[in-house]
Structure formats: structure tokens, C-alpha cells
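Trainee: Can you read through this structure? Questions will come right after.
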Amino acid sequence: MIYPEPRFLPAGDRFVLIEFGNEMNLELNFMAQGLATEIAEQRTNGVIETAPCFASLLVHYDPDQISFRDLGKEMKALIRSLGPSDELVLDSRLFYLPTMYRDPWTRACVEDYCNKIVKKEIDPDFVARINGLADAEQLVRVHSGTEYWVASLGFWPGLPFMMALDPRCVITAPKYNPPRTWTPQGTVGMGGASTAIYPVATPGGYQIFARTPVPIWDTEKRFPVFHDSVVLFRAGDRVKFVPIGKEEFEFIEAKVKERTYIYNVVEYQKFSVRNYKAWVKVLETAKRF
Amino acid sequence: MTEEVLTQVPGNVWKVLVKPGDKVKPDDVLFILEVMKTEVPHVATQAGTVAAVHIGEGQEGVDAGTVAVTIGDHSP
Amino acid sequence: MLEVIKPGLETSIQDYPGRIGHWAQGFPPSGPMDAWSFRLANLLVGNQPGAAGLECQFVGPSLKFQRDTVIAVSGADMKPTLDGQAIPIWESVAVKRGQTLALSFATVGARAYIAVAGGIDTEPSLGSRSTFHKAGVGGMDGHALKPGQVVPVGNGSGKAGRRVKPDVRPPIPTDKRWTVEVVAGPNDDWVDEAGRQRFLSTDWKLSSKSDRTGFRLEGPQWTFTGKAYNKAPEHGSEPSNIIDQGYPVGAINLAGQTPIILVNDGPSMGGFINPYTVPSAAFWKLGQSKPAELLRFKIVTVEEAQDLRRSIDELCSERSIV
Numbered sequence: 004m005i006y007p008e009p010r011f012l013p014a015g016d017r018f019v020l021i022e023f024g025n026e027m028n029l030e031l032n033f034m035a036q037g038l039a040t041e042i043a044e045q046r047t048n049g050v051i052e053t054a055p056c057f058a059s060l061l062v063h064y065d066p067d068q069i070s071f072r073d074l075g076k077e078m079k080a081l082i083r084s085l086g087p088s089d090e091l092v093l094d095s096r097l098f099y100l101p102t103m104y105r106d107p108w109t110r111a112c113v114e115d116y117c118n119k120i121v122k123k124e125i126d127p128d129f130v131a132r133i134n135g136l137a138d139a140e141q142l143v144r145v146h147s148g149t150e151y152w153v154a155s156l157g158f159w160p161g162l163p164f165m166m167a168l169d170p171r172c173v174i175t176a177p178k179y180n181p182p183r184t185w186t187p188q189g190t191v192g193m194g195g196a197s198t199a200i201y202p203v204a205t206p207g208g209y210q211i212f213a214r215t216p217v218p219i220w221d222t223e224k225r226f227p228v229f230h231d232s233v234v235l236f237r238a239g240d241r242v243k244f245v246p247i248g249k250e251e252f253e254f255i256e257a258k259v260k261e262r263t264y265i266y267n268v269v270e271y272q273k274f275s276v277r278n279y280k281a282w283v284k285v286l287e288t289a290k291r292f
Numbered sequence: 019m020t021e022e023v024l025t026q027v028p029g030n031v032w033k034v035l036v037k038p039g040d041k042v043k044p045d046d047v048l049f050i051l052e053v054m055k056t057e058v059p060h061v062a063t064q065a066g067t068v069a070a071v072h073i074g075e076g077q078e079g080v081d082a083g084t085v086a087v088t089i090g091d092h093s094p
Numbered sequence: 186m187l188e189v190i191k192p193g194l195e196t197s198i199q200d201y202p203g204r205i206g207h208w209a210q211g212f213p214p215s216g217p218m219d220a221w222s223f224r225l226a227n228l229l230v231g232n233q234p235g236a237a238g239l240e241c242q243f244v245g246p247s248l249k250f251q252r253d254t255v256i257a258v259s260g261a262d263m264k265p266t267l268d269g270q271a272i273p274i275w276e277s278v279a280v281k282r283g284q285t286l287a288l289s290f291a292t293v294g295a296r297a298y299i300a301v302a303g304g305i306d307t308e309p310s311l312g313s314r315s316t317f318h319k320a321g322v323g324g325m326d327g328h329a330l331k332p333g334q335v336v337p338v339g340n341g342s343g344k345a346g347r348r349v350k351p352d353v354r355p356p357i358p359t360d361k362r363w364t365v366e367v368v369a370g371p372n373d374d375w376v377d378e379a380g381r382q383r384f385l386s387t388d389w390k391l392s393s394k395s396d397r398t399g400f401r402l403e404g405p406q407w408t409f410t411g412k413a414y415n416k417a418p419e420h421g422s423e424p425s426n427i428i429d430q431g432y433p434v435g436a437i438n439l440a441g442q443t444p445i446i447l448v449n450d451g452p453s454m455g456g457f458i459n460p461y462t463v464p465s466a467a468f469w470k471l472g473q474s475k476p477a478e479l480l481r482f483k484i485v486t487v488e489e490a491q492d493l494r495r496s497i498d499e500l501c502s503e504r505s506i507v
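Sequences listed follow chains A, B and C, in order.
For our numbering, add 3 to where a residue sits in the first sequence, where the first one is 1.
For our numbering, add 18 to where a residue sits in the second sequence, where the first one is 1.
For our numbering, add 185 to where a residue sits in the third sequence, where the first one is 1.
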């Protein structure tokens, strides 16, 4: 549910967690990101930084500049001044990310898990089946058929947690139990209703079925897009996975190695929550690609 | 001359690789402790025969500075 | 300037307050776990309290100095020697070019800090020299010290013979028992009354599988309120699962039934509840506690926690030094 009033929860001596609701709902993330943007623009005194998550916003503050109580008052006032989330218009970059679906590397990783830990149905087939899709090919059409909204970053630096914007492409997937001990770098996977990209080879529990050759993390600043940031994404970005084959994957991988790969980023758009909601209203959400 | 091999870190005893009567030489790994998700091997610094082992595999919460293994020299 | 002869168990460059401002991208603050000892060591050698220094964990390093300088060692006593001769801790000491500082293992406390006049002078990464080795950021080439490396040090002038008054040093207990302050929340309403009582009346054992990412606690099972069970399925199947949320630094994160205190290098978000949070003022206690020691938690209000932190900040000043 979307709470009628956000909850302000103390989190130690320097943090406050603002909860907008308790479900996976883009609306809640729009509210969190809207508040984060407003705090940044207003340069609210005493706030050091904020970190939005699916349905909440974590605020890091300096208690020597603002008390917990006054921070709560400031946040409530800002939320009131923002009005309904329909009014939100956020800067939103769009990334076209070439991605090989049903790739051999995630397949090998899943097979390794089956051999060493516990047998399971291969992930693309499994996710297709539990979502009532015809086959793994339909999974590719459906998963790649939407832009994904970057709701949050974290767990590992730069790891984006994304939600499908087109309701016709919403699918869900349970997490591995027990988790995998490794995942190939660049893997694209799903847990719950969220899609993530693994920036480096970490353990993980998402169902995995695709891989991108494009780095989303770079401490060496090999590409202009990392000029100001080690991490590619920010909350509020959108990602479009562009299905490619193995040859294209290897071609791009080589370009990345040569440092000549050119990131495909669209940076002039704004995301209007009102326009988005109006669009969703006219869709026949029961029909899949 | 007897050598007392002390634990260098606090932690759990992951592996004990020697028993009384074993002959050891410098740099032989006697036991491995685990702390901070790191394995810390402990080696003999002298040649000799293991006289006693005071820790057990799987033992938890050993202090740093505990006498873990006593090594006597080869002389009878 | 500092040649690493032996690296110790894990010795890393840290500064205070660490890497701040990148939580939204998943970068933790890192920095020294015992910022109380850390800052006093810096003051002893004439540095700003937050200047970059070394954090030594359990077993300290051996370092050879390539020029004359002044140093100070604080925190847990690792019996430091200079060319084999014992030197005091909590006191600034003159070092001559060619001398070797060697730290042994700590028997009381877990972490020692080495400050060098001028401060460590590596290239900052994302605004800080602190080491976050999981992501290869900060520190020496992104990681803890390795043998053979030479750690650069800035120019500074320190005075030897300055000492921290004994009564303003962090009081590390010798009986293996700690009382650690916690603030209730953010998710304390997910734990039932019996569970909350149990949490506060248990001596939680610190697991040796603990590190700067998280301090794992061993103890009884947790029990929950309806919130943990009557929730939308997307939260996850465990009672302690929640829709992914931001984690405060110091959160006591309940992964299934295992409480893990998220410390300086911990994750910024995830899908488990945080019923309690350890405030900044109590972090030095975490930093000095050893595996198998017992932690008992004591509730304080947000304001009490903030006051406690302020009183420690006040101690990290020139007036603590003679």
C-alpha cells in the first residue's frame, strides 16, 4: 500500500529512513526520487546526502546542523510542497545497452551451480514458465520490450536495481536458495520484480539469463561517460536492453578492450510521471509481446 | 630447547596439521586459524619434534597469545 | 616513505570521516572503525584529526622509514618496537631514517592506529584516501598494504614526547564483555515484545567470521510481529525479508535469523530488516572487540546517541594531550 502519510523512522544517530509505502510500486519510487531531487535542489541545511530505494528514502544528516525532530519537520514541509507525485518531472537519461540474451556465460554459471550446489531448471526456461510465457524466446521479447527505471543503486557499488516501466513486461522471479557463489561480470538477472546488472563477478541470488559486454563500472576512467563518476548509473536513469547475438557481443567486447566503444546515452529527456501514468492507462496490460 | 608456538590472532582453529611425535622443520605449517574470513597459517621456526598440541580442530574463540603447540628439539 | 616489510593481517589506509557523499551509488564510508583512537594518534603528531593514517587489525605491520619523522601508535596495544626496542603507545615518538617499526599481535582490543607526521599522501579516490578493497577504491592501489610497497607521506612537523592523558583513551575492557549502545529502529516494529526483550537481555557472541563488512552475532532466534508475515509476497519469503531499503551505517541487519552489524565497509541497501542501529559513538567498541567476546546491547534515544558522539568528539582535541 501507499501510506497516506510517509513514516519517519530513526536509523541511529545520523540517518532517517522515510517510508512511502510497503509494496513494489513505481509510484513509491517516484515519491522517493522526487523528494531526493527536491532536497538536493533546496540544499536543505544539515542534509549530507540521500539514497532512494524502491519505496523509501534514506537521509544522512549532520546532527550538529539539524536535530532529528527539525529534520522531520523539514522533510514533511518539503513533501507537502511537492504535491502529488503526478506533478513530478525528473531529468532522466536513457541508456541503450547491447545485451545478449540466453548467453553461454550465464548458462555455464547456472550449470556450475547445478553440478556443485543444487539442480535447478535453467533460468530462462524457469522464468518463462513461472510467468506463463510460451518459452524462453518469449521471455526475451517481453523482458527486452520495455525501458527499465533505475529505482536504486547499491548492495554493491554501482549495481542498479530496476523496474519495468511497461506493465505488459512485468515478470517476477524468486531468488536462488541457497545463493550462487559467483556470477559473471555484466550478467543481467531478476529477483522479485526487480532487474539488476552485476557490475563485477559477485555471489548472487537473482535468476540470470543475459549478459552485457558494456562496463557499468570503471575506476580507470577508460571512457568519457565515467569522467565524473566511477559508476555508470544514477537513480532515475532508464535502461533499454538491446538484444544482440554472440558475434555482436564479441565485437563490442573487443571495442571495449580497445577503449573505442561509444556509450549510447540519450541525455535530453525528462520523465513526466503524469504522462507516464496517462500512457499506462491506455495499455491493454493483459497482452504480452 | 623447547619452542612454544603461540597463536598470533584470536579466532577459530580451522586445521591442525601435526600431532605429538611428528618431526617438523622451519616453515612447516603446524595449524591454521581463521579470523576475519582470513586463514592465518602458523609455522614452526625451528626443527624439532612436536611434544604437545594444546588446541583442537574446530575449537572456537581461541585468544591471541595462547600456547598452541610445543616443540622439543631432536635431542633425546 | 614507509616501506612495507610485513603487511600484518590486514593493514589499510583510512581517513576520517571517510568516503562521504556516495552512499546513493553504493560506496560505504570506510574509514577507521575506532575513530576515537585514530583521531588522537593524528593529534599527537600534529596532523588534522582526520588525516590519513593506517588501521592495523589483530596483527600489525612492520614498516621501514625512508626519512626522519614523528609517529604515534594508539588503540589496541600491539607492543610496537622501533629497531627491536619497545616504544610507548598513546605517545608521539621520533623516528630516524632507516629504522623499522614493528607491531605484534593485540591481546586486549583488536585494532591499532599508526599516524605519521604529515599524513599519508596517496591520491584520494572519490574524495577520500580510505580503503574499500572489495571495489578496489582508495588505499594503496585500491587495497590493503602488500609487502614491498612504499606508502607516500606528506610533509609535516611533529613533536616527540606528546602523550594522551590516560583517562581520555577509549576504555577497552579486559573481561571480554561489552555494553554497546543501540537506537531502536528503523524496523523495530517488526520484532515482537518477546523478541525485543530477548535481544536486549542476551550476551551476543561475536563470530570470528566478522570483518569490516559486517559483524556477525551468534545468539537466540528472533520472533516477529504480524508485519513480518502479513506482507505483499514481493518482500520475500523469510519473516525478516523486506522490500529492498536503504541501510544506515551501523544497522543490525537481520539476514534470516542471523544478526549482522553493518560496519564501515558494509552494503548500502538490501532486502532484510534492521530492527536496531548502532550509533557512531559506539563504533569504537565494535572496532576493538574480538571474536568470541560478548556484546550486550543497551537502548539509547537518538538524542542520547548524538550527545555521546559529541562528548567523544570533544575528547579528540588538543586538551586531551599533555
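Glycine included, every Cβ here is placed at the ideal spot set by N, Cα and C.
If we ignore side chains and look at the alpha-carbon of each, how far apart do residue 341 of chain C and residue 256 of chain C end up?
Mentor: For this step, residue 341 of chain C is matched to residue 156 along the third sequence. For this step, residue 256 of chain C is matched to residue 71 along the third sequence. Each residue's Cα considered, the two are about 11 Å apart.
Trainee: Among the residues of its own chain, which have a CB less than 7 Å from the CB of residue 290 of chain A, if the five just before and after it don't count?
Mentor: Walking along the first sequence from the start, residue 290 of chain A turns up at place 287. Closer than 7 Å at the Cβ level, and outside the excluded window around residue 290 of chain A, lie 171.
Trainee: Quick one: grab the DSSP three-state call for residue 469 of chain C.
Mentor: Stepping through the third sequence from its first residue, residue 469 of chain C is reached at position 284. In this structure, residue 469 of chain C counts as helix in the three-state DSSP scheme.
Trainee: Can you name the start and end residues of the alpha helix (DSSP H) that residue 118 of chain A belongs to?
Mentor: Taking the first sequence and counting its residues from 1, the one referred to as residue 118 of chain A is at position 115. Judged by DSSP secondary structure, residue 118 of chain A falls within the alpha helix (DSSP H) whose first and last residues are 107-119.
Trainee: Given residue 444 of chain C, which residues of its chain have a CB within under 6 Å of its CB, disregarding the five upstream and five downstream residues?
Mentor: Working through the third sequence from its first residue, we reach residue 444 of chain C at position 259. Once the five neighbours on either side are set aside, the close Cβ partners of residue 444 of chain C are 402 and 437.
Trainee: So if DSSP puts residue 298 of chain C in a beta bridge, which residue, or which two residues, is it bridged to?
Mentor: Position 113 of the third sequence, counting from 1, holds the residue named residue 298 of chain C. Answer by DSSP bridge pairing, in chain order: C:240 and C:259.
Trainee: For residue 121 of chain A, does the count of other Cβ atoms within 10 angstroms reach 16, so buried, or fall short, so exposed?
Mentor: Locating residue 121 of chain A in the first sequence gives position 118, where the first residue counts as 1. Burial call: exposed.
Trainee: Of all the beta strand (DSSP E) runs that stay within the bounds of the stretch 30-103 of chain A, which reach a length of 3 or more residues?
Mentor: 50-55, 59-64 and 92-94
Trainee: Would a check of beta-carbon distances place residue 396 of chain C closer than 8 Å to chain B?
Mentor: Mapped onto the third sequence, residue 396 of chain C falls at position 211. It does: the Cβ of residue 396 of chain C has a partner Cβ on chain B nearer than 8 Å.
Trainee: Whole angstroms is fine: what's the gap from residue 49 of chain A's alpha carbon to residue 74 of chain A's?
Mentor: The residue labelled residue 49 of chain A in the question sits at position 46 within the first sequence. The residue labelled residue 74 of chain A in the question sits at position 71 within the first sequence. Cα to Cα, residue 49 of chain A sits roughly 8 Å from residue 74 of chain A.
Trainee: Hey, would you say residue 391 of chain C sits closer than 8 Å to residue 384 of chain C, going by beta carbons?
Mentor: The residue you call residue 391 of chain C lines up with position 206 of the third sequence. The residue you call residue 384 of chain C lines up with position 199 of the third sequence. Cβ atoms of residue 391 of chain C and residue 384 of chain C: not closer than 8 Å.
Trainee: Classify residue 208 of chain C as helix, strand or coil using the three-state DSSP reduction.
Mentor: In the third sequence, residue 208 of chain C corresponds to position 23, counting from 1. DSSP places residue 208 of chain C in helix when its eight states are reduced to three.
Trainee: Can you list the residues of chain B that residue 244 of chain C reaches, using a CB-CB cut of under 7 Å?
Mentor: As a working note, residue 244 of chain C is residue 59 in the third sequence. Going along chain B in sequence order, the residues near residue 244 of chain C (Cβ under 7 Å) are 26 and 27.
Trainee: Helix, strand or coil for residue 75 of chain B? Go by DSSP, reduced to three states.
Mentor: Your numbering for residue 75 of chain B matches position 57 in the second sequence. Three-state result, residue 75 of chain B: coil.
Trainee: Residues in its own chain within less than 7 Å of residue 222 of chain A by CB, not counting five upstream and five downstream?
Mentor: By one-based count along the first sequence, residue 222 of chain A stands at place 219. Excluding positions up to five away in sequence, the list reads 233.
Trainee: Find out if the Cβ-Cβ distance for the pair residue 87 of chain B, residue 48 of chain B is shorter than 8 Å.
Mentor: In the second sequence, residue 87 of chain B corresponds to position 69, counting from 1. In the second sequence, residue 48 of chain B corresponds to position 30, counting from 1. A contact, by the Cβ cut-off of 8 Å.
Trainee: Report the neighbours of residue 162 of chain A on chain C: residues whose CB is nearer than 7 Å to its CB, in chain order.
Mentor: Mapped onto the first sequence, residue 162 of chain A falls at position 159. Here the neighbours are 211.
Trainee: In its own chain, which residues sit with a C-beta less than 6 Å from the C-beta of residue 364 of chain C, not counting the 5 before and 5 after it?
Mentor: Taking the third sequence and counting its residues from 1, the one referred to as residue 364 of chain C is at position 179. Cβ neighbours of residue 364 of chain C beyond the five flanking positions: 481 and 483.
Trainee: Hey, does residue 260 of chain C have any beta-carbon neighbour from chain A nearer than 8 Å?
Mentor: The count along the third sequence starts at 1 and reaches residue 260 of chain C at position 75. No, its Cβ sits nowhere closer than 8 Å to a Cβ of chain A.
Trainee: How about residue 27 of chain A and residue 189 of chain A: are their beta carbons less than 8 Å apart?
Mentor: Residue mapping note: residue 27 of chain A aligns to position 24 of the first sequence, counting from 1. Residue mapping note: residue 189 of chain A aligns to position 186 of the first sequence, counting from 1. Going by C-beta atoms, residue 27 of chain A is not nearer than 8 Å to residue 189 of chain A.
Trainee: At the level of alpha carbons, what is the spacing between residue 269 of chain A and residue 29 of chain A?
Mentor: The residue labelled residue 269 of chain A in the question sits at position 266 within the first sequence. The residue labelled residue 29 of chain A in the question sits at position 26 within the first sequence. Distance between the alpha carbons of residue 269 of chain A and residue 29 of chain A is about 22 Å.
Trainee: So residue 279 of chain C is in the beta strand (DSSP E); what residue range does that whole segment cover?
Mentor: If you number the third sequence from 1, residue 279 of chain C lands on position 94. Run containing residue 279 of chain C: 277-280, per the beta strand (DSSP E) assignment.
Trainee: Three or more C-beta pairs under 8 Å: does that hold for the stretch 253-268 of chain A against the stretch 232-239 of chain C?
Mentor: no
Trainee: What does the Cβ neighbour count give for residue 163 of chain A, buried or exposed, with the cut at 16 atoms within 10 Å?
Mentor: The residue you call residue 163 of chain A lines up with position 160 of the first sequence. Sixteen is the threshold: when 16 or more other Cβ atoms of the shown chains lie within 10 Å of the Cβ of residue 163 of chain A, as they do, the residue is buried.
Trainee: Consult DSSP for residue 488 of chain C and reduce its assignment to one of helix, strand or coil.
Mentor: Your numbering for residue 488 of chain C matches position 303 in the third sequence. Three-state result, residue 488 of chain C: helix.
Trainee: So, is residue 282 of chain A buried or exposed, given that buried needs 16 or more other C-beta atoms within 10 angstroms?
Mentor: Counted from its first residue, the first sequence places residue 282 of chain A at position 279. So residue 282 of chain A counts as exposed.
Trainee: Checking 8 Å against the spacing of the C-beta atoms, do residue 214 of chain A and residue 108 of chain A come in under that value?
Mentor: As a working note, residue 214 of chain A is residue 211 in the first sequence. As a working note, residue 108 of chain A is residue 105 in the first sequence. It is a contact, given that the beta carbons lie within the stated cut-off.
Trainee: Along chain A, which residues have their Cβ under 8 Å away from the Cβ of residue 321 of chain C?
Mentor: For the purposes of this step, residue 321 of chain C is taken as residue 136 along the third sequence, with counting starting at 1. In chain order: 222.
Trainee: Does the CB of residue 380 of chain C have a neighbour CB from chain A at under 8 Å?
Mentor: For this step, residue 380 of chain C is matched to residue 195 along the third sequence. Residue 380 of chain C does not count as touching chain A.
Trainee: CA-CA distance, residue 186 of chain A and residue 228 of chain C?
Mentor: On the first sequence, position 183 is the one that residue 186 of chain A refers to. On the third sequence, position 43 is the one that residue 228 of chain C refers to. Taking the straight line joining both Cα atoms gives about 45 Å.
Trainee: Taking residue 319 of chain C as part of the alpha helix (DSSP H), name the residues at either end of that continuous run.
Mentor: Along the third sequence, one-based indexing puts residue 319 of chain C at 134. From DSSP, residue 319 of chain C is part of no alpha helix (DSSP H); its letter is neither H nor E.
Trainee: Who are the near neighbours of residue 276 of chain A in its chain, counting only those whose CB is closer than 6 Å to its CB and skipping five residues on each side?
Mentor: For the purposes of this step, residue 276 of chain A is taken as the residue at position 273 of the first sequence. So the qualifying residues of the chain are 33, 88, 89 and 91.
Trainee: Should residue 57 of chain A be flagged as near chain C, meaning a C-beta pair shorter than 8 Å?
Mentor: Within the first sequence, the letter at position 54 stands for residue 57 of chain A. Yes, residue 57 of chain A counts as interfacial toward chain C.
Trainee: Can you tell me whether residue 8 of chain B is buried or exposed? The criterion is at least 16 other CB atoms within 10 Å of its CB, across all chains shown.
Mentor: What is shown of chain B runs 19 to 94, which leaves residue 8 of chain B out entirely.
Trainee: If the cut is a Cβ gap below 7 Å, which residues of chain C does residue 267 of chain A touch?
Mentor: Start at 1 with the first residue of the first sequence, and residue 267 of chain A comes out as number 264. Here the premise fails: no neighbours, minimum Cβ distance about 21 Å.
Trainee: Please list the partners that residue 33 of chain B has in chain C, where partner means a Cβ-to-Cβ separation under 8 Å.
Mentor: If you number the second sequence from 1, residue 33 of chain B lands on position 15. In chain order: nothing, as chain C lies at least about 14 Å away.
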